[in-house]
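Below is one structure, written out as structure tokens; the observations come after it.
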Amino acid sequence: MTDWIDIGTLADIPQRGARTVQIGGEKEIAVFRTGDDHVFALVNECPHKKGPLSQGIVHGHSVACPLHNWNIALKTGEAQGADEGCTPTIAVRQEGGRILIARPTALKAAA
Amino acid sequence: MEFQDGLAPAVDSEDIILVPADDVREHLVVVGNGMAGCRAVEELLARDAGRYRVTIFGAEPYVNYNRIMLSPVLAGEKTFEQIVINDRAWYDDNGIELIAGDPVTAIDRDAKRVTAQSGRSVHYDKLLIATGSDPFIIPVPGKDLPGVISFRDMKDVDTMLEAADKGGAAVVIGGGLLGLEAAHGLTLRGMKVTVIHLMDTLMERQLDEAAGWLLKSALEGRGQTILTGANTEAIFGDGKVEGVRLKDGTEIPASLVVMAVGIRPSTALAREAGLEVNRGIKVNDHMVTSDPDVLAVGECVEHDGNVYGLVAPLWDMCRSLADGLTDQHTGYKGSVTSTKLKVAGLDVFSAGDFSGGEGCEDIVLRDASRGVYKRVIVKDDRIVGAVLYGDTVDGGWYFDMLKREEDVGEIRDLLIFGQAFASGGGALDPKAAVAALSDDAEICGCNGVSKGQVVSCIEAGNCSLDAVRATCKASASCGSCTGLVENLLAVVLGDDVASGPKTMCKCTSFTHDDVRREIVAQNMRSIPEVMQLLHWSTPDGCSSCRPALNYYLLCALPGEYQDDQQSRFVNERMHANIQKDGTYSVVPRMWGGLTNPRELRAIADVVEKYDAPMVKVTGGQRLDIFGIKKEDLPAVWADLNAAGMVSGHAYGKSLRTVKTCVGSEWCRFGTQDSTGLGVKIERMTWGSWMPHKFKIAVSGCPRNCAEATIKDFGVVCVDSGYELHVGGNGGIHVRATDLLCKVATEQEAMDYCAAFTQLYREEARYLERTAPWIERVGVDYVKQRIVEDEAGREALRARFLYSQSFSQDDPWAERAAGQHAELHQPLAPIAIAAE
Ligand code: SRM
Ligand SMILES: Cc1cc2nc3c(=O)[nH]c(=O)nc-3n(C[C@H](O)[C@H](O)[C@H](O)COP(=O)(O)OP(=O)(O)OC[C@H]3O[C@@H](n4cnc5c(N)ncnc54)[C@H](O)[C@@H]3O)c2cc1C
Ligand code: SF4
Ligand code: FES
């Protein structure tokens with residue numbers, strides 16, 4: 000069974016923006032909110048050179064990395080277009096206005 | 000635009016319109032100042048301008064406006080002024096008497112007189128009834144409560160806007176075109192909207208079940224609640240609307256109820272006057288009623304057993320009517336209607352009969368990933384109906400074949416892939432598609448303009464989209480035919496025009512220049528508005544168009560535009576330069592490259608306090624502090640602010656630095672105070688947002704130690720004054736400046752600098768530095784605007800300074816004071832307890 004962690008409300012994240020969250024000693028996670036209020040969570044590292052994706056421009060269901068403008072699909076973490084690479088995604092759901100993310104797997108295994 | 004002079008004037012019953020004694024023209028009186036009434040008058044004027052004296056009565060207190068554009072007004076995309084079709088001047092110029100806000104209450108056919116509510120009575124020779132439709136109100140309890148309205152005129156829109164201002168919930172009864180547009184507008188205005196629809200399919204008269212379902216899920220995705228198969232039992236509330244109850248007992252709270260269940264021809268006046276009325280006022284092929292001196296046109300009429308509820312048929316009617324009035328006898332033959340709509344930004348098209356039935360074959364194409372559904376209904380090798388959802392480009396083609404009853408046997412198998420494919424080619428070529436349309440194919444449904452009319456308009460010398468819009472009105476209303484008109488321009492004018500400048504990005508078919516021009520022309524005020532009005536193909540753009548739009552709007556609306564942080568590249572959002580490890584560098588402004596012990600101490604303190612791994616003198620004569628974490632930025636800025644320093648904008652598409660050299664104060668060769676002038680110029684220009692970064696330098700003599708001749712604006716001081724240089728660039732392709740001119744005083748140097756900067760701000764494309772911009776427009780053009788046109792220069796300078804009055808607040812100070820703290824802080828850190 001997945002452990003869900005409450006990390007805040009939708010309103011805490013700017014529309015077409017992201018906030019970061021650190022859970023335990025794990026890698027920083029970027030939690031994105033799109034223009035149509037979907038929420039996605041990815042490890043905050045670009046598959047290219049680890050650019051902080053949380054700082055990119057969010058458009059549609061993608062984010063443009065702030066360092067070299069790769070486009071990353073928020074749902075899959077895959078680089079789009081000619082670029083290749085993938086950032087790990089983290090399951091996330093919205094419940095009664097709260098945002099819950101799945102406890103990262105590495106953490107779970109360690110616990 | 001609401002004008003009071005036509006409002007219910009107090010008059011005696013006599014004709015108060017003063018007619019010059021020698022005006023012996025026949026008097027045409029029009030009842031109804033709406034779309035059909037005024038269009039009929041326009042058609043008449045186009046044929047024989049002087050023939051009739053014209054008086055128009057309108058129940059609404061406005062000039063003639065475009066009713067179909069009420070939806071964009073509700074949605075906040077247009078203002079009332081922008082949907083006016085004929086303004087006051089049109090009435091005046093054509094000698095038309097408009098009596099607005101005074102409905103006609105009776106027609107006396109024997110005396111040939113109409114009487115209005117105010118008591119005013121007017122004699123007519125010919126009477127034209129164009130009273131449109133009345134919204135149908137379902138007879139449920141509570142229908143008369145305050146807060147229950149229909150969606151028909153400007154007054155209804157005003158009521159909706161008022162309700163939306165207060166927020167809360169709204170119920171829209173009716174899931175047809177009108178209801179959905181009302182629901183969309185109210186949703187955009189922030190209300191929680193529920194649509195109640197009696198049938199199982201939304202817009203069941205235009206869409207089949209599959210398309211209706213796609214529409215429903217798309218609207219639900221936008222936050223509306225859609226209840227199909229829902230029957231309203233009552234509207235309840237104490238003194239005002241509080242909600243709607245359905246037959247199954249469900250209660251939906253609402254402070255506003257919009258009834259949009261249908262319309263009925265407005266025939267009461269005609270019926271009481273004894274004219275022949277069935278469902279609508281009966282007319283013949285020239286729009287003449289049972290009384291030869293009384294005509295009727297628009298939604299209020301019934302022709303050959305049909306009544307219409309869309310504008311396209313009205314245009315045909317108005318043509319036949321005007322022909323009849325000017326003794327040309329081409330009669331109206333009825334209209335087959337098609338509906339091409341953007342409902343809530345979704346493309347929907349339907350035409351003809353799609354109910355299927357005996358002998359009908361369906362050809363269907365679904366493309367789930369693109370959200371496309373197409374269905375063409377064929378009977379005996381003729382198209383009888385079509386429903387398109389998501390991709391409606393071929394709507395006009397199907398509709399054209401349907402109207403001409405063309406035999407499609409030969410291309411039947413390819414039909415569903417669209418015109419370009421079916422007519423050979425294979426590859427999609429939209430130009431070939433419009434070229435193949437027949438001359439009478441309708442291009443612009445809103446204004447009833449055919450392909451032939453657009454083509455002759457272009458051939459008459461209107462070679463741009465704007466010119467076509469201004470002249471024949473095609474694409475001037477909802478804009479959904481813009482692509483067609485552009486393709487026609489390309490077809491008529493040849494490939495030279497077609498292969499113009501590149502489009503802004505893959506989200507739009509417009510170029511940077513088009514977008515900028517339209518933002519100003521249509522007075523657009525936000526990024527979503529631009530995307531909506533210019534038909535962006537993506538929901539919210541991409542990382543290249545969003546920053547550009549943000550800049551264009553900011554430049555067009557100084558002091559008014561609400562900057563969109565999320566459309567800014569990270570550096571401009573964080574007011575610092577992002578580094579490869581995700582930390583930031585911080586460059587405080589040092590005016591003209593000058594500094595002092597207090598600033599140096601503050602910088603030294605910051606470096607120590609925040610453990611900055613490096614501090615460096617930059618090529619722009621500033622100090623750069625590296626390795627600051629995003630969380631620490633506000634505190635760093637607070638410390639620098641305390642020492643009097645502000646943001647250096649080393650991160651922005653903005654004024655960067657003004658480099659100076661020592662100048663006449665100290666240098667043995669210096670001719671003028673280059674340091675002092677540099678500081679003054681930096682004080683004037685700092686904080687300004689630009690299409691790209693912008694660098695200035697002032698050198699004290701032609702030795703040019705500040706490298707002014709590779710700057711966007713450079714000043715080289717000489718004995719007799721100041722040489723002004725523009726369009727230089729270091730960087731990737733080095734370009735030395737062009738000499739703009741020489742001036743005698745510091746003040747002139749400043750004035751020219753401000754004017755040049757503003758010209759660049761207003762006319763360059765986003766991410767185009769001055770060097771490529773000047774290569775593109777030519778230095779002569781810049782000289783003409785800045786040097787030769789003195790008044791123009793002064794106006795540019797004034798606009799720059801006006802814009803600067805809003806942009807010289809230090810962005811660091813705002814952040815240091817706590818604004819946008821969320822950009823710097825992670826969500827609450829979560830420590831996981833060991834299990
Ligand atoms: C810090 C600095 C180098 C230094 O340590 O001296 C610098 C650093 C960067 N420059 Fe520069 N440029 C710096 C002076 C210059 C100069 C010299 C000048 O301004 O006199 C030039 C040539 C003059 C010119 O612009 O025409 C220069 C031409 C560029 C270019 C090429 C521009 C072009 O039009 O071709 C880029 C790339 C770009 O902007 O797209 C660039 C981009 C950059 C960026 C912003 C790269 C980036 O996107 O991250 C570097 C940011 C580093 C950082 O995080 O601070 N930098 N850069 C200088 C900052 C000046 C300042 O105080 O604000
Ligand atoms: C919100 C909305 C969106 C629409 N969208 C579309 C669309 O996208 N496509 C489309 O094809 N159609 C659309 N329509 C329908 C289109 O607006 C009508 O078909 C068109 O306006 C009909 O023109 P008309 O002149 O017959 O009636 P109107 O434009 O309604 O004009 C009738 C005028 O007569 C006045 N009047 C009535 N009685 C009297 C009287 N006794 N004395 C004086 N004046 C009187 C009325 O006040 C009104 O101003 C839309 C309608 C609405 C309301
Ligand atoms: S020259 Fe290249 S490496 Fe050096 S600061 Fe400029 S952009 Fe960075
Ligand atoms: S690190 Fe993301 S694109 Fe290079």
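Here the protein sequences line up with chains A and B, keeping their order.
Numbering that gives the first Met the number 0 applies: residue 0 is where the first sequence begins, and numbers increase by one.
Numbering that gives the first Met the number 0 applies: residue 0 is where the second sequence begins, and numbers increase by one.
From the three backbone atoms N, C-alpha and C, an ideal C-beta is built for every residue, glycine too.
These numbers come from a predicted model, not from an experiment.
Quick one, which of B:Gly-211, B:Leu-176, B:Ala-168 and B:Leu-213 has its alpha-carbon nearest Thr-193 (chain B)'s? Cα-wise, what sits closest to Thr-193 (chain B) is B:Ala-168.
Let me know if Arg-204 (chain B) comes out buried or exposed under the rule of 16 or more other beta-carbons within 10 Å of its beta-carbon. Residue environment analysis places Arg-204 (chain B) among the exposed positions, since fewer than 16 neighbouring C-beta atoms fall within 10 angstroms of its C-beta.
At a CB-CB cut-off below 7 Å, which residues of chain A make contact with Arg-545 (chain B)? Per Cβ cutoff of 7 Å: Ile-56 and His-58.
Give every residue of the same chain whose Cβ lies closer than 6 Å to the Cβ of Cys-554 (chain B), excluding the five residues on either side of it in the sequence, and list them in chain order. In its chain, beyond the 5 residues on either side, Arg-760 have a beta carbon closer than 6 Å to the beta carbon of Cys-554 (chain B).
Alpha carbon to alpha carbon, what distance is there between Leu-414 (chain B) and Ala-426 (chain B)? Note that Ala-426 (chain B) has pLDDT 43, beneath the 50 cutoff, so the model's placement of it is unreliable and the number below is only indicative. The alpha-carbon atoms of Ala-426 (chain B) and Leu-414 (chain B) are separated by roughly 14 Å.
Are there 16 or more other CB atoms within 10 angstroms of the CB of Thr-659 (chain B), so buried, or fewer, so exposed? Buried, by the Cβ-count rule.
Quick test of your reading: Gly-358 (chain B) and Asp-379 (chain B), contact by CB under 8 Å. State the CB separation rounded to the nearest angstrom. Right, the Cβ-Cβ distance comes to about 7 Å (below 8 Å), so this counts as a contact.
Whole beta strand (DSSP E) elements within the stretch 699–786 of chain B, 3-residue minimum: Qualifying beta strand (DSSP E) stretches, in chain order: 712–717, 720–725 and 737–742.
For Val-514 (chain B) and Val-83 (chain B), I'd like the C-alpha separation in whole angstroms. So the alpha carbons of these two residues sit roughly 23 Å apart.
In this structure, how does DSSP classify Gln-93 (chain A) when only helix, strand and coil are distinguished? Here DSSP, grouped into helix, strand and coil, assigns Gln-93 (chain A) to strand.
Does Pro-65 (chain A) get closer than 9 Å to chain B when you measure Cβ to Cβ? Taking 9 Å as the threshold, the shortest C-beta distance from Pro-65 (chain A) to chain B falls below it.
Is the number of C-beta pairs between the stretch 112–121 of chain B and the stretch 84–102 of chain B that are closer than 8 Å three or more? Remark: three or more beta-carbon pairs, one from each stretch, lie closer than 8 Å, so the stretch 112–121 of chain B and the stretch 84–102 of chain B are flagged as touching.
For a contact defined as C-beta to C-beta under 8 Å, what are the partners of Gln-79 (chain A) on chain B? Those within 8 Å of Gln-79 (chain A) in chain B number zero; the least Cβ separation is about 11 Å.
If you measure from each CB to the nearest heavy atom of ligand 4 and keep those under 5 Å, what residues do you get, in chain order? Those satisfying the condition are, in chain order, A:Cys-45, A:His-47, A:Lys-48, A:Gly-50, A:Cys-64, A:Leu-66, A:His-67 and A:Trp-69.
Below-9 Å beta-carbon distance, Leu-826 (chain B) vs any chain A residue: Output row for Leu-826 (chain B): interface = yes.
Any C-beta of chain B sitting closer than 9 Å to the C-beta of Pro-13 (chain A)? Yes, because at least one Cβ of chain B sits closer than 9 Å to the Cβ of Pro-13 (chain A).
According to the neighbour-count rule (16 or more other Cβ atoms, all chains shown, within 10 Å of its Cβ), is Asp-346 (chain B) buried or exposed? It counts as buried.
Please list the residues of the stretch 198–223 of chain B that have a C-beta atom closer than 9 Å to any C-beta atom in chain A, keeping them in chain order. Of all residues in the stretch 198–223 of chain B, the ones placed with a Cβ closer than 9 Å to any Cβ belonging to chain A are Gly-220, Arg-221 and Gly-222, in chain order.
Using 9 Å as the threshold, is the C-beta distance between Cys-299 (chain B) and Ala-321 (chain B) below it? Contact flag unset, no.
Can you give me the C-alpha to C-alpha distance between Asp-672 (chain B) and His-724 (chain B), rounded to a whole angstrom? When rounded, the distance between both Cα atoms is 17 Å.
Cβ pair Asp-406 (chain B), Ala-440 (chain B) closer than 9 Å: With contacts defined by Cβ atoms closer than 9 Å, Asp-406 (chain B) and Ala-440 (chain B) do not form a contacting pair.
Listing by chain order, which chain B residues have their CB less than 7 Å from the CB of Pro-51 (chain A)? The contacting residues are Gly-581.
Beta-carbon separation of Val-260 (chain B) and Val-170 (chain B) under 9 Å? Between Val-260 (chain B) and Val-170 (chain B), the gap from beta carbon to beta carbon reaches 9 Å or more.
Alpha-carbon spacing of Ser-319 (chain B) relative to Glu-301 (chain B), whole angstroms: Their backbone Cα atoms lie some 15 Å apart in a straight line.
Given that a residue counts as buried once 16 or more other Cβ atoms are within 10 Å of its Cβ, and exposed if not, what is Gly-713 (chain B)? Classification of Gly-713 (chain B): buried, given that the 10 Å Cβ count is 16 or more.
If you reduce the DSSP assignment to three classes, tell me which class Asp-107 (chain B) lands in. If DSSP states are grouped into helix, strand and coil, Asp-107 (chain B) belongs with the strands.
Tell me which residues share the same chain as Asn-63 (chain B) and place their Cβ nearer than 6 Å to its Cβ, disregarding the 5 neighbours each side in the sequence. If we look at Asn-63 (chain B) and ignore the five residues flanking it on each side, its Cβ neighbours are Asn-32, Cys-37, Ile-84 and Asn-85.
Note down, in chain order, every chain A residue with its Cβ under 8 Å from the Cβ of Gln-565 (chain B). Result: Pro-13, Gln-14, Arg-15, Gly-16, Ile-56 and Val-57.
Can you pull the chain E neighbours of Phe-416 (chain B), defined as C-beta to C-beta under 7 Å? The structure shown has no chain E; the protein chains it does contain are A and B.
Environment of Trp-69 (chain A) [buried if 16+ CB atoms lie within 10 Å]: It is buried - the Cβ of Trp-69 (chain A) has at least 16 other Cβ atoms within 10 Å.
So that I know if they touch, is there some Cβ in chain B lying closer than 9 Å to that of Glu-27 (chain A)? Chain B contact via Cβ: present.
With a threshold of 6 Å on Cβ separation, who are the neighbours of Ala-497 (chain B) within its own chain once the five nearest residues in sequence on each side are excluded? Any answer about Ala-497 (chain B) is weak, because its pLDDT of 42 lies below 50 and its placement is not dependable; what the coordinates show is given next. The beta carbon of Ala-497 (chain B) sits closer than 6 Å to the beta carbons of Ala-489 from its chain, once the five residues preceding and following it are set aside; these are given in chain order.
Whole-angstrom distance between Asn-640 (chain B) and Trp-665 (chain B), CA atom to CA atom: Those two C-alpha atoms are separated by around 30 Å.
Interface residues of chain A around Ile-709 (chain B) at Cβ under 9 Å? Within chain A, no residue comes near Ile-709 (chain B); the closest Cβ sits about 27 Å away, beyond 9 Å.
Helix or strand or just coil, what does DSSP make of Ala-7 (chain B)? Caution applies to Ala-7 (chain B), whose pLDDT of 38 falls short of 50 and renders its modelled position unreliable; the value that the coordinates give is listed next. In this structure, Ala-7 (chain B) counts as coil in the three-state DSSP scheme.
With a threshold of 9 Å between beta-carbons, can Gly-34 (chain A) be considered close to chain B, or not? With 9 Å as the cut-off, Gly-34 (chain A) counts as an interface residue toward chain B.
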